[in-house]
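J.: Please find one structure pasted underneath; my questions will follow.
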Amino acid sequence: MKKLILFFVLASYSCQGEQTVNIQNPILELEALRQNNNFSTPFRVLETTISDASVFDKPYGKTELTIGYVLRYYFYTTIKLKGDSNRLTSMDGSKFNIQSSNDALEVAKSTIDVIAGMSFGSEEYRKFIDKYFPGCIDYTKVPNPCASTKEYQPVCGCDGFTYNNRGEAYCAGVQRVSDSACQ
């Protein structure tokens, strides 16, 4: 018993002279919230130039979900911050360039557009649209390829996103718009 007490006294004394420096690393990664076990890498990785994780906490259209949650849960995507470019690595290792932007919503929409063109991703996209935008987006009527003018006459889609013009909304499969930017 005396040896045990002596051990604790010596251990506590030896630790008193040490200073612990706790350096917190900023969040560099927002992990995927689900995994798809059909691949050796069960999630996608979005590398982005965005450095502030909190911008992914903004709402995603007319859903009650955040941008980050939509990407991380519905599209099995880990978000790596402070990258050199915006790039998506799929579960099979293929790499895709994503729209160059520091706007989290634009990066997310561009990423989801790429994922929607993938074999597994198209099913994820369909389920997401069916759940959150029924009667608003008809993905079966999206022309491919789709051309739209560059003129800026903003419209608000029934999905809660602002499109540059009606043609751009049509290319996204949006069925109803109003003649102004979304508020």
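When the letters of the sequence shown are read in order and numbered with this note's numbering, they come out as residues 260 to 442. Even glycine gets a Cβ: it sits at the ideal position worked out from N, Cα and C. The structure presented is a predicted model; accordingly, all values stated were derived computationally and were not measured.
1) Between the alpha carbons of L289 and K409, how many angstroms are there, rounded?
2) Taking the straight line between their C-alpha atoms, what separation do you get for R425 and K354?
3) Over what stretch of residues does the beta strand (DSSP E) that includes C415 continue unbroken?
4) Within the same chain, show all residues whose beta-carbon is closer than 7 angstroms to that of L265, passing over the 5 residues directly before and after it, in chain order.
5) Closest to K368 by CA distance: which of Y319, K386, D397, T300 is it?
6) Nearest CA to the CA of K317: which residue from V366, K339, N356?
7) Counting beta carbon pairs with one atom in the region 327 to 344 and one in the region 393 to 405, are three or more of them shorter than 8 angstroms?
8) Which whole-angstrom value describes the C-beta separation of F298 and M377, a residue pair presumed to lie in contact below a C-beta threshold of 8 angstroms?
9) S359 to A406, Cα distance in whole Å?
10) Using 8 angstroms as the threshold, is the C-beta distance between R303 and L340 below it?
11) Going by DSSP, name the residue or residues bridged to S437.
12) Considering Cα atoms alone, identify which of N296, V433, P402 is closest to V414.
13) By the DSSP assignment, the beta strand (DSSP E) with R346 in it spans what residues?
14) Given a cut-off of 8 angstroms on the beta-carbon distance, is the pair F392 and N295 in contact?
15) Measure the C-alpha to C-alpha separation of A363 and S437 and round it to an integer number of angstroms.
16) Given this structure, state the Cα-to-Cα distance separating D448 from C430, to the nearest angstrom.
T.: Taking the geometry as given:
1) Inter-residue distance for L289 and K409 is about 34 angstroms (C-alpha atoms, whole angstroms).
2) Each residue's Cα considered, the two are about 31 angstroms apart.
3) Membership of C415 in the beta strand (DSSP E) is indicated by the continuous run 414 to 416.
4) The predicted model places L265 with a pLDDT of 39, which falls under 50 and marks its position as unreliable, so this point remains unresolved.
5) Taking the Cα of K368 as reference, the smallest distance to any Cα among Y319, K386, D397, T300 is reached at Y319.
6) Nearest to K317 by alpha-carbon distance, out of V366, K339, N356, is V366.
7) No, the region 393 to 405 does not touch the region 327 to 344.
8) The pair is not a contact, with the Cβ atoms about 11 angstroms apart (cut-off 8 angstroms).
9) One C-alpha to the other measures close to 20 angstroms.
10) Cβ atoms of R303 and L340: not closer than 8 angstroms.
11) As computed with DSSP, S437 is found in a beta bridge with C415.
12) Taking only the C-alpha atoms, the option nearest V414 is V433.
13) Unbroken beta strand (DSSP E) run through R346: 346 to 348.
14) Their beta carbons are not under 8 angstroms apart, which means F392 does not touch N295 by this criterion.
15) A363 and S437: Cα-Cα distance of roughly 24 angstroms.
16) Since the first and last residues shown for the chain are 260 and 442, residue 448 lies out of range.
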